[in-house]
Amino acid sequence: MSKITNIKLDNFTSFAGLDQPFSTGVNIIIGANGTGKTHLLKVLYAACAITVGEDKEKSFSLKLRNVFNPYEGRIGRLSRRQSTSVKTKATVTREGGAKLSAEFSNHTHKFDDVKLSGETAWKKDELASAYIPVKEMLAHAPGFLATAAKREIAFEEVYVDIIKRAFLPKLMGPIDKNRQRLLTALQKAIDGKVVAKGEHFFLKNKQGDLEFTLLAEGMRKLALIWLLIQNGTLLSGSVLFWDEPEANLNPALMGEVVEVILELHRLGVQVFLTTHNYVLLKEFDLRKQKDDQIRYISLFRDASEAVTAKASDSYLGVDPNAIAATFSDLYDRELKRSLGGIKP
Amino acid sequence: MTVLAEDDLQITLPSGVVGRKFDDETSHGLSHCMKAVDFIVEMDDCVLFVEFKDPENPKAKPKDSAAFIKKFLSGAIDSDLKAKYRDSWLYEMAEGRAKKPIYYLVLMGASSLSEAELLARTDALKRQIPVTGPGDRPWKKPFVAGCAVMNLASWNKVLPHIPASRVGP
């Protein structure tokens with residue numbers, strides 16, 4: 005269960021030459037739209053997913069294709085778009101130095117034409133993970149897996165995967181103290197427990213069973229985390245990928261979500277999340293404790309339009325901070341409007 | 002040129018502009034019943050009510066600075082700032098002096114506060130004073146022309162003709 009320590013992306017989607025070390029704790033990825041935050045998460049997730057369960061049968065390149073779902077399944081469409089031929093390489097590194105790479109060009113069509121290296125050794129060390137996409141999926145679970153299996157809908161595989169993980173049975177055996185504390189805190193926040201009946205999820209509490217379609221989306225997210233902890237997907241040594249935890253969440257709930265993420269990190273879960281949200285960032289800054297390991301990774305386009313990254317282990321060191329910059333602009337305009345009448 | 006200072010913060014007024022210390026017993030003489038802004042500045046076509054808050058004052062104890070920042074971020078400071086403005090405005094009006102538009106400027110000696118936080122407090126102050134009347138319609142007789150919560154950098158950006166700085170050693 006060695007954690008992810010680095011990613012190197014050469015000419016992959018919008019990245020020209022990214023070489024980014026990660027924290028084994030929480031990695032918070034920020035950046036304007038179109039800077040590849042979700043792409044980063046998906047590459048890392050594909051690398052984790054092929055080490056566990058049925059995805060072990062899949063190659064890294066097949067999993068990459070399935071989570072990105074490029075047009076006609078052509079893997080070469082994940083190459084950085086240039087006017088010339090482009091060589092693409094994605095390499096993920098783990099603690100202990102194990103490396104997994106995929107190499108292809110913009111002309112590569114089939115996933116099995118991708119040159120893979122390090123895959124056999126990589127798969128020997130399981131790295132359980134969960135990827136929570138922006139769109140909430142549990143409410144849409146009924147029939148989704150069967151339809152997806154028949155390939156009647158072309159969804160990115162992250163949607164199928166999260167439903168499958170949510171359906172995993174409850175982990176047997178005693179629950180350790182810290183995990184129980186987290187489950188109890190979540191139960192309090194969602195006011196109940198989650199139960200599955202067939203393909204339908206319900207929130208069970210004093211009032212009875214409430215179907216997921218009737219729940220606020222923010223509640224569904226917390227309920228999903230509860231399920232993933234309860235069924236052992238998120239245990240020490242696992243990796244959580246969460247794309248925009250703030251989506252559809254009341255800002256008042258943001259603090260609880262951040263507390264849950266920090267608690268998972270303290271239990272030994274490595275976390276990668278993307279965000280556009282100031283409140284979420286600030287909650288991390290305010291709730292972080294001395295031993296918490298948090299790295300902020302800011303993605304931005306350089307002069308050549310390629311996406312590059314700057315990382316900082318302190319909130320104030322995040323630069324450029326696309327989220328704070330938005331506020332800065334709003335604040336400037338507010339001051340101009342409020343005080344514009346004071347003439348020299 | 003007049004310099005208005007309190008502890009470690011100061012503003013320098015443009016030449017010819019007068020300003021006075023307001024928040025002391027000898028100025029208003031009503032400490033038993035009112036709160037007051039620190040300074041009142043008479044510009045040609047407007048009046049500025051100025052309030053200094055200085056958690057980063059070199060003489061402040063770290064514990065007190067931290068407590069103040071917490072009070073600021075939680076919004077507990079808003080009603081304090083509101084009371085200072087309203088009481089000072091009422092005082093000036095009753096004395097027959099509130100004839101020009103009045104701006105309320107809060108200067109925070111806190112470089113660690115982000116613009117998002119300053120914007121949040123500016124918005125909160127506008128709601129608290131309140132800048133607009135019921136139903137968000139303008140007051141028939143507006144009693145504040147504008148207000149803002151700023152740090153030294155943002156003050157100097159928007160009011161370069163009234164520079165703000167630390168007094169220093």
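Residue numbers (my numbering), protein chains in the order written: chain U, 5 to 348; chain E, 2 to 170. Where is the CB? At the ideal position from N, CA and C, for every residue including glycine. Treat the numbers as computed from the prediction; the structure is a model and nothing was measured.
(request) Determine the extent of the beta strand (DSSP E) in which residue 207 of chain U is found, giving its start and end residues. (result) The residue labelled residue 207 of chain U in the question sits at position 203 within the first sequence. Its beta strand (DSSP E) spans residues 204-209.
(message) Can you tell me whether residue 25 of chain U is helix, strand or coil according to DSSP?
(response) Counting from 1 along the first sequence, the entry for residue 25 of chain U is found at position 21. The answer is strand: DSSP assigns residue 25 of chain U an E or B state.
(message) Against chain E, does residue 35 of chain U count as a neighbour if the rule is that its beta carbon must be under 9 Å from one of theirs?
(response) In the first sequence, residue 35 of chain U corresponds to position 31, counting from 1. Closer than 9 Å: no.
(request) Can you give me the start and stop residues for the alpha helix (DSSP H) that residue 237 of chain U sits inside? (result) By one-based count along the first sequence, residue 237 of chain U stands at place 233. Careful: residue 237 of chain U lies outside any alpha helix (DSSP H) and carries neither H nor E.
(message) Measuring straight from C-alpha to C-alpha, what distance separates residue 312 of chain U and residue 52 of chain E?
(response) Here residue 312 of chain U refers to the residue found at position 308 when the first sequence is read from its first residue. Here residue 52 of chain E refers to the residue found at position 51 when the second sequence is read from its first residue. If I take the Cα positions, the gap works out to 43 Å.
(message) Determine, for residue 87 of chain U, whether the minimum Cβ-Cβ distance to residues of chain E falls below 9 Å.
(response) Locating residue 87 of chain U in the first sequence gives position 83, counting from the first residue. Closer than 9 Å: no.
(message) Please state the DSSP three-state secondary structure of residue 93 of chain U.
(response) Here residue 93 of chain U refers to the residue found at position 89 of the first sequence. Residue 93 of chain U falls in the strand class under three-state DSSP.
(message) Among U:7, U:19, U:41, U:16, whose alpha-carbon lies nearest the alpha-carbon of residue 300 of chain U?
(response) Against the first sequence, residue 300 of chain U aligns to sequence position 296. Comparing Cα-Cα distances from residue 300 of chain U to each of U:7, U:19, U:41, U:16, the minimum goes to U:41.
(message) Would residue 108 of chain U and residue 63 of chain U qualify as a contact pair, given that the criterion is a beta-carbon distance under 9 Å?
(response) What you label residue 108 of chain U is simply residue 104 of the first sequence in a count that begins at 1. What you label residue 63 of chain U is simply residue 59 of the first sequence in a count that begins at 1. No, Cβ-Cβ distance for residue 108 of chain U and residue 63 of chain U is not below 9 Å.
(request) Closer than 8 Å by C-beta to residue 219 of chain U: which residues in its own chain qualify, once you throw out the five before and the five after it? Chain order, please. (result) Mapped onto the first sequence, residue 219 of chain U falls at position 215. 143, 207, 227.
(request) Assign residue 223 of chain U to one of three DSSP states: helix, strand, or coil. (result) Walking along the first sequence from the start, residue 223 of chain U turns up at place 219. Helix.
(request) Take residue 78 of chain U and list the residues in its own chain whose beta-carbon comes closer than 7 Å to its own, dropping the five residues that flank it on each side. (result) Start at 1 with the first residue of the first sequence, and residue 78 of chain U comes out as number 74. For residue 78 of chain U, where only same-chain residues beyond five positions count, the Cβ hits under 7 Å are 113.
(request) Following the continuous alpha helix (DSSP H) through residue 157 of chain E, name the residue where it begins and the one where it ends. (result) For the purposes of this step, residue 157 of chain E is taken as residue 156 along the second sequence, with counting starting at 1. Segment 153-159, the alpha helix (DSSP H) holding residue 157 of chain E.
(message) In the DSSP assignment, the alpha helix (DSSP H) including residue 14 of chain E goes from what residue to what residue?
(response) One-based indexing of the second sequence puts residue 14 of chain E at position 13. Counting along the chain, residue 14 of chain E falls outside any alpha helix (DSSP H), and DSSP gives it neither H nor E.
(message) Need the endpoints of the beta strand (DSSP E) that residue 197 of chain U sits in, please.
(response) To locate residue 197 of chain U, count along the first sequence from 1; it is residue 193. Note, residue 197 of chain U: beta strand (DSSP E), 197-201.
(request) List the residues of chain U that residue 123 of chain E touches, going by C-beta distances under 8 Å, in chain order. (result) Here residue 123 of chain E refers to the residue found at position 122 of the second sequence. By Cβ distance, chain U contributes 335, 338, 339, 342.
(request) Could you have a look at residue 6 of chain U and say whether DSSP puts it in helix, strand or coil? (result) The residue given as residue 6 of chain U occupies position 2 in the first sequence. Coil at residue 6 of chain U, not helix or strand.
(request) From the DSSP output, read off the bridge partner residues of residue 278 of chain U. (result) Position 274 of the first sequence, counted from the start, is the residue given in the question as residue 278 of chain U. Partner(s): U:33, U:247.
(request) For residue 242 of chain U, go through chain E and note every residue whose CB falls closer than 7 Å to its CB, in chain order. (result) In the first sequence, the residue the question calls residue 242 of chain U occupies position 238. Those within 7 Å of residue 242 of chain U in chain E number zero; the least Cβ separation is about 33 Å.
(message) Within 10 Å of its beta-carbon, does residue 2 of chain E have 16 or more other beta-carbons around it, so buried, or fewer, so exposed?
(response) Residue 2 of chain E sits at position 1 when you count from the first residue of the second sequence. The residue in question, residue 2 of chain E, is exposed, as its Cβ has fewer than 16 Cβ neighbours within 10 Å.
(message) Could you check whether the region 234-242 of chain U touches the region 162-175 of chain U, counting it as contact only if at least three pairs of C-beta atoms, one from each stretch, sit closer than 8 Å?
(response) yes
(message) I need the boundaries of the alpha helix (DSSP H) containing residue 342 of chain U, first residue and last residue.
(response) Start at 1 with the first residue of the first sequence, and residue 342 of chain U comes out as number 338. Looking at the DSSP string, the run of the alpha helix (DSSP H) that includes residue 342 of chain U is 326-343.
(request) Could you tell me which chain U residues have their CB closer than 7 Å to the CB of residue 170 of chain E, listed as they occur along the chain? (result) By one-based count along the second sequence, residue 170 of chain E stands at place 169. Ordered by position in chain U, no residue passes the 7 Å Cβ test against residue 170 of chain E, which lies about 26 Å from the chain.
(request) Quick one: give me the first and last residue of the beta strand (DSSP E) that residue 105 of chain E is part of. (result) Residue 105 of chain E sits at position 104 when you count from the first residue of the second sequence. Unbroken beta strand (DSSP E) run through residue 105 of chain E: 103-109.
(message) Measuring CB atoms only, is the region 251-264 of chain U touching the region 9-26 of chain U, in the sense that at least three cross pairs come out at less than 8 Å?
(response) no
(request) Would you decide whether residue 34 of chain E is buried or exposed? Buried here means 16 or more other CB atoms lie within 10 Å of its CB. (result) Residue mapping note: residue 34 of chain E aligns to position 33 of the second sequence, counting from 1. The residue in question, residue 34 of chain E, is exposed, as its Cβ has fewer than 16 Cβ neighbours within 10 Å.
(message) Distance cutoff 9 Å, beta carbons only. Does residue 146 of chain E sit that close to anything in chain U?
(response) Position 145 of the second sequence, counted from the start, is the residue given in the question as residue 146 of chain E. Chain U contact via Cβ: present.
(request) Kindly identify the DSSP beta-bridge partner or partners of residue 148 of chain E. (result) By one-based count along the second sequence, residue 148 of chain E stands at place 147. DSSP lists E:105 as partners of residue 148 of chain E.
(request) With DSSP as the reference, label residue 3 of chain U as helix, strand or coil. (result) The structure shown does not extend to residue 3 of chain U, since chain U is modelled only from 5 to 348, so the question has no answer here.
(request) Kindly identify the DSSP beta-bridge partner or partners of residue 103 of chain U. (result) For the purposes of this step, residue 103 of chain U is taken as the residue at position 99 of the first sequence. Beta-bridge pairing links residue 103 of chain U to U:97.
(request) With 7 Å as the limit, tell me which residues of the region 279-304 of chain U have their beta carbon closer than that to any beta carbon of chain E; keep them in chain order. (result) 282
(request) Just tell me which of U:51, U:184, U:70 has its CA closest to the CA of residue 121 of chain U. (result) Walking along the first sequence from the start, residue 121 of chain U turns up at place 117. With distances taken between Cα atoms, residue 121 of chain U lies closest to U:51.
(message) Please identify the residue among E:154, E:26, E:31 whose C-alpha is closest to the C-alpha of residue 110 of chain E.
(response) In the second sequence, residue 110 of chain E corresponds to position 109, counting from 1. Of the listed residues, the one whose Cα sits closest to residue 110 of chain E is E:154.
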